[in-house]
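Chemist: Sharing a structure here in structure tokens format.
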Amino acid sequence: MKRKELMEQLRSMSLEELKQQEESLRESLFRLRFRKSLGFRETIKDIRREKKILARVLTLINQLEKEQAQKNKQNN
């Protein structure tokens with residue numbers, strides 16, 4: 124999936140869906156690192172890709188949480 128398509132898909136997700144995606148990516152990274160330790164070389168590029176996607180998800184989560192905090196602050 125291309126980066127722009129991925130970002131559009133991630134931006135369309137709710138905060139709860141993004142947190143589930145984060146959890147899934149962390150588990151996937153754990154499994155890939157384990158496979159790497161067993162000597163599978165093809166997992167290195169997968170680890171890089173998963174880490175970048177996880178960083179994007181975490182960035183979006185932080186943005187959404189900040190937006191919600193600002194809305195709550197304005198309402199109070």
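Note that the sequence shown covers residues 124 to 199 in the working numbering. Even for Gly, the Cβ is constructed at its ideal location relative to N, Cα and C.
Counting along the chain, where does the alpha helix (DSSP H) carrying S135 start and finish?
Modeler: The count along the sequence shown starts at 1 and reaches residue 135 at position 12. Counting along the chain, S135 falls outside any alpha helix (DSSP H), and DSSP gives it neither H nor E.
Chemist: How many Å lie between S160 and R154 at the Cα?
Modeler: The sequence position of residue 160 within the sequence shown is 37, counting from 1. The sequence position of residue 154 within the sequence shown is 31, counting from 1. Whole-angstrom Cα-Cα distance: 10 Å.
Chemist: Could you tell me which of E131, T166 and L177 sits nearest to Q144, measuring between CA atoms?
Modeler: As a working note, residue 144 is residue 21 in the sequence shown. The shortest C-alpha separation from Q144 is found at L177.
Chemist: Exposed or buried, E173, counting other C-beta atoms within 10 Å across all chains shown (16 or more means buried)?
Modeler: Residue 173 sits at position 50 when you count from the first residue of the sequence shown. Classification of E173: buried, given that the 10 Å Cβ count is 16 or more.
Chemist: Mind checking which residues open and close the alpha helix (DSSP H) that includes N199?
Modeler: Indexing the sequence shown from 1 puts residue 199 at position 76. Unbroken run through N199: none, as it is neither H nor E.
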